[in-house]
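Asker: The structure's right below; bear with me while I get my questions together.
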Amino acid sequence: MHDQPNLRLDRYLADDRLTAEQKALLANARQSLADEGFYAYGMLDDQQRWVVAVDDEQGQADVRLEDDEFVIELRGVSPGLFSEEESEWRRRALERLARRVIPNVARGMLEANESASWSEADEGVAVGMTYRIPIANAGQIGPFVREALPAIDDLVTQVESQLRS
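With the numbering used here, letter number 158 in the sequence shown gets 167, and the count goes up by one each step, no holes.
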């Protein structure tokens with residue numbers, strides 16, 4: 010089942026830095042995500058790598074090619090963690106403490122494929138999970154992302170619980 014053509018992805022895939030095989034693989038990844046009900050689009054990530062991206066209520070996902078595998082990065086953020094704090098001074102102090110504690114939580118409690126940091130833009134906990142899927146399993150990317158995205162919220166909750174204890 011193919012949905013409407015994605016002109017933005019087509020434009021990105023026209024880049025001559027990608028081989029025909031890489032273009033086809035990224036198109037397959039996008040189609041798998043679209044078949045799962047996601048609006049998937051092509052873009053450059055913050056390191057200028059081609060990715061197929063998804064923005065969902067439960068989080069975000071980027072799919073890219075690396076070392077003959079698909080790398081799936083899931084991300085989520087809990088904005089405004091201390092926004093209800095009435096005292097500006099106390100809110101800033103709590104944010105400063107969170108910036109110091111989150112790296113320790115990440116080192117001590119998270120799995121090797123998980124990350125956590127403080128998001129200055131969202132003033133809250135940002136988390137990520139990275140997975141690798143063989144190229145032969147391109148059709149499973151959509152179902153995998155659909156199944157894995159809820160874990161992002163659980164990871165945010167786990168990290169936030171350490172900030173409140």
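Glycine residues also receive a C-beta, built at the ideal position from the N, C-alpha and C atoms.
Along the chain, where does the alpha helix (DSSP H) that runs through S41 open and close?
Answerer: A29 to D44
Asker: State the beta-bridge partners of I81 as determined by DSSP.
Answerer: V72 and Y140
Asker: CB-CB under 8 Å to N122, same chain, minus the five flanking residues each way: which ones, in chain order?
Answerer: M138, T139 and Y140
Asker: Would L90 and E169 qualify as a contact pair, given that the criterion is a beta-carbon distance under 8 Å?
Answerer: For L90 and E169, yes; Cβs fall inside 8 Å.
Asker: Report the partner residues of G123 according to the DSSP bridge assignment.
Answerer: At residue 123 the sequence reads Glu, which differs from the Gly that was named. Paired residues: M138.
Asker: By how many angstroms is the C-alpha of Q57 removed from the C-alpha of R39?
Answerer: 18 Å
Asker: Pop quiz: R107 and L172 are said to be a contact at Cβ under 8 Å. What is the actual Cβ separation, rounded to whole angstroms?
Answerer: The residue you asked about is not Arg; residue 107 is Ala in the sequence shown. Contact flag correct, Cβ pair sits at about 5 Å.
Asker: By the three-class DSSP mapping on this structure, what secondary structure does D163 have?
Answerer: Three-state DSSP puts D163 in a helix.
Asker: Report the rounded CA-to-CA distance for R105 versus V154, giving the unit in angstroms.
Answerer: 33 Å
Asker: Between D54 and chain B, is any beta-carbon pair separated by less than 8 Å?
Answerer: Note that chain B does not occur in the displayed structure, where there is just one protein chain.
Asker: In the DSSP output, what is M52 paired with across the bridge?
Answerer: V60
Asker: Grab me the residues of D131's own chain with a C-beta within less than 6 Å of its C-beta, minus the 5 sequence neighbours each way, in chain order.
Answerer: For D131, where only same-chain residues beyond five positions count, the Cβ hits under 6 Å are V86 and P88.
Asker: Just to confirm before moving on: does the CB-CB distance between G151 and L53 stay below 8 Å?
Answerer: no
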